[in-house]
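**Student:** Take a look at the following structure, please.
Protein chains: 2
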Amino acid sequence: MEQTLTISIQDYLKNIYELTENGESASTNALASKLNVKPASVTGMVQKLASAKPALVEYQKHQGVTLTDDGKKAALEVIRHHRLLEAWLVQTLGYSWDEVHAEAEKLEHVISEDFERRIAAAMGHPLRDPHGELIPTADLQMPLDDSTPLSSLRANQSGTVQYVKAADAELLKHFETLGLIPEAELEVTGYSPFDHNLTIKIGRKSIVLGLNITSKIYVKES
Amino acid sequence: MEQTLTISIQDYLKNIYELTENGESASTNALASKLNVKPASVTGMVQKLASAKPALVEYQKHQGVTLTDDGKKAALEVIRHHRLLEAWLVQTLGYSWDEVHAEAEKLEHVISEDFERRIAAAMGHPLRDPHGELIPTADLQMPLDDSTPLSSLRANQSGTVQYVKAADAELLKHFETLGLIPEAELEVTGYSPFDHNLTIKIGRKSIVLGLNITSKIYVKES
DNA sequence: CTTTAAATTTAGCCTTGACTAAATTTATTT
DNA sequence: AAATAAATTTAGTCAAGGCTAAATTTAAAG
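Line order of the protein sequences matches chains A and B. Okay, so the first sequence: first residue is 44 according to my numbering, each after it adds one. Okay, so the second sequence: first residue is 44 according to my numbering, each after it adds one.
What follows is the structure, given as structure tokens:
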């Protein structure tokens, strides 16, 4: 019997935010598997969030959930905490790029606004976390992203890696080995229209990357 | 109707530790008022802790609680977290001496052992927190204290302030104003056997302190 | 030694947020 | 359009960890 640890409202909101970034609404099932909880439990919590004093989500039976403005603010608050913490842990405690996530995941829920301000100021109000993800501003707006997936570049285009979208540490390590880390500069030297593979030059080496990778590396074209 | 926020087991253990440092056992009532919880709730939790897989407390009806070795280890773990965090927050984020407590109170429960090791190492394994309280060692022993209350000194004895035992920020500020902070050096110039007041010289000023203060300032005689 | 007061425990209730199983709705096939 | 499959919701259960009120112990006072 698995111990059934309880998910915070903040986690619900954060995950709804992530699932709805594409404009679609989040399904009960998707949320459930993201949160490691049964769909029925999600339904219950979502109903509660929808009927909270200031409603945090918009919810219609069988139609999925969306965040209200209040809910979105709360979600961005947690995401800001998370990303600032990741940056902070890397910069001051020498955490590696792929170790910070779990620690930030726990701290994000308990730090004060004062703590948030202090670390933001100490780092000079960074725009992106160590993965390159955008950090919501202090007034809880998500900055516009001027990057595109590496997979959208073609031969002779070049750019600077902005961020790397990978959940698991193993993949992150792999990217790091390839040199595909934020700030890295690269140039596309070849494109295979058949399988969408790209040949890129990074530093002094030339490598071929499949779509599974090029769709996860975001670059700013230059 | 007050919202009834739930107290962690760690908080129970930490507070039992503090109440039993004098060798006595902790009463249900004392624990209840420390934790802002009703005595009946304490009884319930204490019974649970006593019958946990490895028992965390020793408990006999109407006799109060004591920590088992396992319970003491868990308590010292949290206390170590708390004190390391206070030191860390003061040193790296410029928190003032009296602001750190609340923040550390929240963080102490969620940081990983890795985080603990990192901040301890970054600070060079400090012995005391910013209040001067001893920090339990990495192997969870409470170091011996070689300090005595200022109230035990007499004329012509002098010492260095080790720590200041005050719960509320207001009192801490007062001590700070007087210059009674860790590392400060002072000399006792007078003693009134009637009311136990001490006249001390600290820096270039001379002040008279009552027992209410001298019993809370701990010094290392020199 | 009683009596009264104070502290503690018991018993039963309430809320939260999970869970399972059954019912219902929506979506997909044929 | 009917039948089946997949997703979602409802209903009822459970464990935690608070709470209150009543019962019981221990301690203090006369």
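Using N, Cα and C, we set each Cβ at its ideal position, and we do this for glycine too.
Counting contacts by CB-CB distance shorter than 8 Å, is V153(B) in contact with chain A?
**Tutor:** Judged by the 8 Å Cβ criterion, V153(B) is in contact with chain A.
**Student:** Taking any Cβ of chain B, which residues in the stretch 99–132 of chain A have a Cβ under 7 Å from it, in chain order?
**Tutor:** Within the stretch 99–132 of chain A, no residue qualifies.
**Student:** Among Y234(A), K216(A), V121(A), H239(A), whose alpha-carbon lies nearest the alpha-carbon of L181(A)?
**Tutor:** For the record, residue 181(A) in the displayed sequence is Ala; it is not Leu. The residue with the shortest Cα to Cα distance from A181(A) is V121(A).
**Student:** So K259(A) is in the alpha helix (DSSP H); what residue range does that whole segment cover?
**Tutor:** Premise fails: K259(A) is in no alpha helix (DSSP H) and is neither H nor E.
**Student:** Touch check for the stretch 242–249 of chain A and the stretch 205–220 of chain A: three-plus C-beta pairs under 8 Å?
**Tutor:** The stretch 242–249 of chain A is not in contact with the stretch 205–220 of chain A.
**Student:** So, at 6 Å on beta carbons, what are the nonlocal neighbours of I52(A) in its own chain, with the 5 sequence-adjacent residues on each side left out?
**Tutor:** Contacts found: none.
**Student:** In the structure shown, what three-state DSSP assignment does Y234(B) receive?
**Tutor:** Note: Y234(B) maps to strand in three-state DSSP.
**Student:** Short of 8 Å Cβ to Cβ, which residues in the stretch 182–200 of chain A face chain B?
**Tutor:** So the list is empty, because no residue satisfies the distance condition.
**Student:** In chain order, what residues of the same chain lie with their CB nearer than 8 Å to the CB of G253(A), ignoring the 5 residues before and after it?
**Tutor:** These residues qualify, in order along the chain: D238, H239, N240.
**Student:** Along the beta strand (DSSP E) that carries I154(B), what are the first and last residues, could you check?
**Tutor:** That residue, I154(B), is in no beta strand (DSSP E); it is neither H nor E in DSSP.
**Student:** Can you list, in chain order, the stretches of the alpha helix (DSSP H) that have 4 or more residues and sit fully within the stretch 127–178 of chain B?
**Tutor:** Those alpha helix (DSSP H) runs which fall completely within the stretch 127–178 of chain B and span 4+ residues are 143–150, 156–165.
**Student:** From S94(B), S235(B), A95(B), I50(B), pick the residue whose C-alpha is nearest to that of L74(B); which is it?
**Tutor:** The shortest C-alpha separation from L74(B) is found at I50(B).
**Student:** Using the Cβ count rule (16 or more neighbours within 10 Å means buried), how would you classify Q90(B)?
**Tutor:** It is exposed - the Cβ of Q90(B) has fewer than 16 other Cβ atoms within 10 Å.
**Student:** Which term fits N58(A), buried or exposed, when burial requires 16 or more other beta carbons within 10 angstroms of its beta carbon?
**Tutor:** Burial call: buried.
**Student:** What residue does the beta strand (DSSP E) around K77(A) start on, and which one ends it?
**Tutor:** Careful: K77(A) lies outside any beta strand (DSSP E), inside the alpha helix (DSSP H) at 71–78.
**Student:** Taking C-beta pairs closer than 8 Å, name the residues in chain A that I162(B) reaches, listed in chain order.
**Tutor:** Under the 8 Å cutoff, chain A gives L136.
**Student:** Determine the burial state of E226(A): buried for a count of at least 16 other Cβ atoms within 10 Å of its Cβ, exposed for fewer.
**Tutor:** With fewer than 16 other Cβ atoms within 10 Å, it is exposed.
**Student:** Tell me which residue opens and which closes the beta strand (DSSP E) that N240(A) is part of.
**Tutor:** 240–245 is the extent of the beta strand (DSSP E) around N240(A).
**Student:** Could you check which residue in G222(A), L196(A), S265(A), F158(A) has the C-alpha nearest to that of V207(A)?
**Tutor:** Ranking the options by Cα distance to V207(A), first place goes to G222(A).
**Student:** Taking 8 Å as the threshold (beta carbon to beta carbon), is L150(B) in contact with chain A?
**Tutor:** Yes, L150(B) lies at the interface with chain A (some Cβ there is under 8 Å from its Cβ).
**Student:** On the three-pair Cβ rule with 8 Å, is the stretch 154–167 of chain A touching the stretch 129–139 of chain B?
**Tutor:** Result yes; three or more Cβ-Cβ pairs closer than 8 Å.
**Student:** Would you report the Cα separation of S190(A) and E151(A), rounded to the nearest angstrom?
**Tutor:** Distance between the alpha carbons of S190(A) and E151(A) is about 26 Å.
**Student:** Which first and last residues belong to the alpha helix (DSSP H) in which Q106(B) is found?
**Tutor:** Counting along the chain, Q106(B) falls outside any alpha helix (DSSP H), and DSSP gives it neither H nor E.
**Student:** If you draw a straight line from the C-alpha of H168(A) to the C-alpha of L187(A), how long is it?
**Tutor:** Whole-angstrom Cα-Cα distance: 16 Å.
**Student:** Starting from E159(A), find everything on chain B with Cβ-Cβ shorter than 9 Å and list it in chain order.
**Tutor:** Those do not exist, as E159(A) stays about 11 Å from chain B at its closest Cβ, beyond 9 Å.
**Student:** Run through the DSSP bridge pairs and tell me what T203(A) is partnered with.
**Tutor:** Paired residues: E228(A), K263(A).
**Student:** Can you say whether Q205(A) is buried or exposed, counting buried as having 16 or more other CB atoms within 10 angstroms of its CB?
**Tutor:** Its Cβ being crowded by 16 or more others within 10 Å, Q205(A) is buried.
**Student:** Identify every residue that forms a DSSP beta bridge with L92(B).
**Tutor:** Bridge partners of L92(B): none, in fact.
**Student:** A165(B) versus chain A: which residues are under 8 Å apart at the beta carbon?
**Tutor:** The contacting residues are T135, L136.
**Student:** What did DSSP end up calling P192(B) once you bin it into helix, strand or coil?
**Tutor:** P192(B) falls in the strand class under three-state DSSP.
**Student:** Taking its Cβ as the centre, do 16 or more other Cβ atoms sit within 10 Å of G114(A), making it buried, or is it exposed?
**Tutor:** Looking at its Cβ environment, which holds 16 or more other Cβ atoms inside 10 Å, G114(A) is buried.
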